[in-house]
Structure formats: structure tokens, C-alpha cells
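**Student:** Structure below; questions to follow.
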Amino acid sequence: MSAVLLKAFSFILIIFLGYGLKKLVFRDPACHRILAFILLNITLPATVIHAFGHFQRDTSLLLVVLLGFLCALIPMLIVYLISHRLPTEKRAFSMINVTGFNIGAFSLPFIQNFFGSGGMIVACLFDIGNAFMVTGGSFAFTSTLLRTSSGERQTVGILLKKFICSVPFDTYMLMLLVVIFNIPVPDTIMILLEPLANANSFIAMLLIGMMFEFRTRADKYRTMCSVIGLRLLFGAICSFLLYFCLPFPQEIRQVLAVVAFAPVSSIAPIYTVRCQSDGALSSLTLSISILFALAIMTGLVLLMKS
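For my numbering, add 167 to where a residue sits in the sequence shown, where the first one is 1.
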């Protein structure tokens with residue numbers, strides 16, 4: 168138990184370090200973008216490839232991809248149905264920020280530390296399905312269902328281009344093919360990528376600290392709290408179903424139960440603005456959801472490891 172708490176505390180320290188650096192040293196937003204570029208295009212892909220390096224083919228785990236997609240899609244559709252009396256701006260905000268999980272930048276480093284490479288593979292497969300929603304699917308559904316005028320046409324071609332131009336998504340798809348066709352990853356590549364993979368957790372937590380934002384109007388807090396409350400409710404339902412209703416070994420079910428409480432996607436504020444809603448409030452919602460996720464996911468790991 169003490170080892171679990173120490174690992175979680177180390178994450179908190181790095182997040183605080185990132186927030187302190189943002190306030191005292193790296194005040195230019197360009198610094199955050201550089202770190203985000205390194206994470207998304209270098210260390211995260213390296214971590215994914217390294218995790219899949221010694222994976223033994225198990226086609227039954229491909230079901231996890233579908234589960235990731237459904238766990239991201241269904242909450243958004245439910246919010247669409249129950250929010251019909253709200254103004255379009257609030258409906259768009261809720262739909263974008265309730266759906267999807269921050270797997271790559273937050274949950275993957277967490278799983279890496281507590282469940283090792285085997286757990287990371289499960290989280291990566293879940294994130295493949297989730298990525299269809301967070302990298303454009305949620306925006307496409309929301310803008311279409313609510314007829315928001317975002318100033319950007321969202322065609323199938325544009326969505327496909329976004330998927331293809333996403334290095335993490337391309338890496339996921341590449342490793343999915345590796346799993347399907349049982350292609351071994353050369354040991355040379357594993358050795359070369361190991362230092363980059365080991366750096367992923369630190370860079371991800373540092374970036375999260377630098378992304379923290381607590382400024383918004385007080386009258387917006389009710390909307391934010393309702394979205395976070397819905398995320399926690401949907402997370403609890405998904406976590407329960409994934410843990411108790413799947414025919415997988417316990418460790419796989421544990422990983423899925425934990426990632427169900429992942430925070431808001433780091434891309435959500437961008438799509439919130441494109442749906443003519445409050446991007447600043449989305450950034451705050453992301454920050455607060457990270458605090459809840461860190462506490463709940465750590466608690467679950469403590470319970471599972473005890």
C-alpha cells in the first residue's frame with residue numbers, strides 16, 4: 168500500500184512542479200505547446216510501441232477496442248437526450264465534455280506505473296476505440312445533432328485527415344496490426360525506445376500541471392459541476408460493468424475499471440470552442456476532473472492491490 172501511495176504522491180509532486188514552472192518560469196503558452204508536441208509525437212508513441220513489444224497475441228482483447236468506443240459514445244448520446252430543455256450552448260458544452268477519456272496524457276502513465284506493460288496494452292486498446300470520439304467524433308456528433316455553426320465543415324474527409332495526421336492514433340493502429348498479424352517487434356527497436364518510454368510519465372504529469380487553469384466566472388461553476396458529476400456517474404457505471412461483467416482475467420478487468428474514471432480529454436476545450444461554447448470553462452473542467460481522477464484511480468489501485 169505504501170508503494171502505491173508513494174507512486175501516486177510522486178505524480179502529484181510532478182503536477183505541482185509543472186504548475187509552479189508555468190506560473191514562475193514558462194509563462195509563454197508556446198512552452199506548453201512544445202512539451203505537448205514532445206509527448207504526443209515522441210514519448211507517447213514510443214511508450215505504446217514498447218508496451219506492445221512482448222505482447223502475446225490474444226484476439227479476444229480486440230473486444231476492448233469496441234468497449235472503448237462505446238464507453239465514450241453512449242454517455243454523450245444520453246446527455247443529448249436528457250438535456251433537450253437546456254440552451255444549445257450548454258448542451259454542446261455538456262456533450263463534448265462528458266464524452267471521452269484522457270488516456271494517453273494521463274491514464275497511460277498511471278497504468279504504466281501500477282500495472283506494467285501488460286496493463287498498458289489493455290489501456291492502449293481501450294484508447295483506440297476512445298480515440299474515434301475524442302479526436303473528432305464527439306465534435307462531429309455534437310455539431311450535427313445540435314446544428315451548431317462552428318465555421319468549420321466537418322466532412323468525412325476532414326475527419327479521416329485528422330485521424331491520419333494524429334501520430335498517437337497512427338501508432339495505435341500500427342500496433343493493432345502488429346497484434347492481429349502477430350508480427351514481433353525487433354529487440355533493437357525495444358532497446359532504442361526504452362529511454363523515451365521511461366520519460367513519458369514525467370513529461371505527461373509535468374504537462375498536466377502546466378495545463379492547469381482555475382480562472383472562470385463564478386456563475387459557470389454550476390454547469391461545470393453538473394458535467395463532472397455526470398462523468399463520475401458514468402465512470403462508476405462503466406467501471407462496475409467492465410469489472411464484473413467481462414469474461415477477461417482479473418488484471419485486465421482491473422485496468423479497465425480504473426481507466427473508466429479517466430479525466431476529460433485534453434482536446435475537449437478545442438472542440439468546445441468550435442461548437443460555440445465556453446472553452447475557458449472546459450479547461451477548468453479538465454483541470455478539476457484530473458484532481459478527481461487522480462484521487463479515485465489511486466483509491467481503486469489501493470483497493471485492488473491490498
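All C-beta atoms, glycine included, are put in the ideal place defined by N, C-alpha and C.
#1: Is the beta carbon of Thr302 less than 8 angstroms from the beta carbon of Ser333?
#2: Can you give the Cα-Cα distance for Lys174 and Met391, rounded to whole angstroms?
#3: Would Val425 pass as a contact of Ile288 if the rule is Cβ separation under 8 angstroms?
#4: Please state whether the Cβ-Cβ distance between Pro436 and Ala460 is less than 8 angstroms.
#5: Output the boundary residues of the alpha helix (DSSP H) element that contains Asp474.
#6: Just the C-alpha distance for Ile241 and Leu408, rounded to the nearest angstrom, thanks.
#7: What three-state label does DSSP hand Asn349 in the structure shown?
#8: What's the C-alpha gap between Ala447 and Phe306?
#9: Quick one, are the C-beta atoms of Met342 and Ile181 less than 8 angstroms apart?
#10: Mark Leu453 as exposed unless 16 or more other C-beta atoms lie within 10 angstroms of its C-beta, in which case mark it buried.
#11: Please report the straight-line C-alpha distance between Ser317 and Gly187, rounded to a whole angstrom.
#12: Report yes if the C-beta distance between Gly296 and Leu233 is below 8 angstroms; otherwise report no.
#13: Let me confirm a value: Ile434 is counted as buried when at least 16 other C-beta atoms fall within 10 Å, else exposed. Which label applies?
#14: What is the residue span of the alpha helix (DSSP H) that Pro196 lies within?
#15: Rounded to the nearest angstrom, how far is the Cβ of Ile263 from that of Asp294, given a contact under 8 angstroms?
#16: Note down, in chain order, each residue of its chain lying with its Cβ closer than 7 angstroms to the Cβ of Lys387, except the 5 sequence neighbours on either side.
#17: Just to confirm before moving on: does the CB-CB distance between Leu184 and Gly396 stay below 8 angstroms?
#18: Alpha carbon to alpha carbon, how far is Val422 from Leu467? Give it in angstroms, no decimals.
#19: Using the Cβ count rule (16 or more neighbours within 10 Å means buried), how would you classify Gln223?
**Tutor:** Taking the structure as given:
#1: Judged by beta-carbon spacing, Ser333 lies within the 8 angstroms limit of Thr302, meaning their Cβ atoms are closer than that value.
#2: Cα-Cα distance, rounded: 29 angstroms.
#3: Their beta carbons are not under 8 angstroms apart, which means Val425 does not touch Ile288 by this criterion.
#4: Not in contact: Pro436 and Ala460 (Cβ atoms no closer than 8 angstroms).
#5: Here the chain has residues from 168 to 473 only, and residue 474 is not among them.
#6: Approximately 14 angstroms, taken between the alpha carbons.
#7: Coil, per DSSP.
#8: Cα to Cα, Ala447 sits roughly 17 angstroms from Phe306.
#9: In this structure, Ile181 does not lie closer than 8 angstroms to Met342 by Cβ.
#10: By the neighbour-count rule (16 or more Cβ atoms within 10 Å), Leu453 is buried.
#11: Its pLDDT being 49, under 50, Ser317 is placed unreliably by the model, and the measurement read from it follows with that caveat. Going by C-alpha positions, Ser317 is about 35 angstroms away from Gly187.
#12: With a cutoff of 8 angstroms on beta-carbon distance, Gly296 and Leu233 are scored as near each other.
#13: Burial state of Ile434 is buried, judged by a 10 Å Cβ sphere holding 16 or more other Cβ atoms.
#14: Counting along the chain, the unbroken alpha helix (DSSP H) around Pro196 starts and ends at 196–205.
#15: So it is not a contact: roughly 18 angstroms between Cβ atoms.
#16: Excluding sequence neighbours, Lys387 sits near Asp445, Leu448.
#17: With contacts defined as CB atoms closer than 8 angstroms, Leu184 and Gly396 fail to qualify as a contacting pair.
#18: Roughly 10 angstroms separates the two Cα atoms.
#19: So Gln223 ends up on the exposed side.
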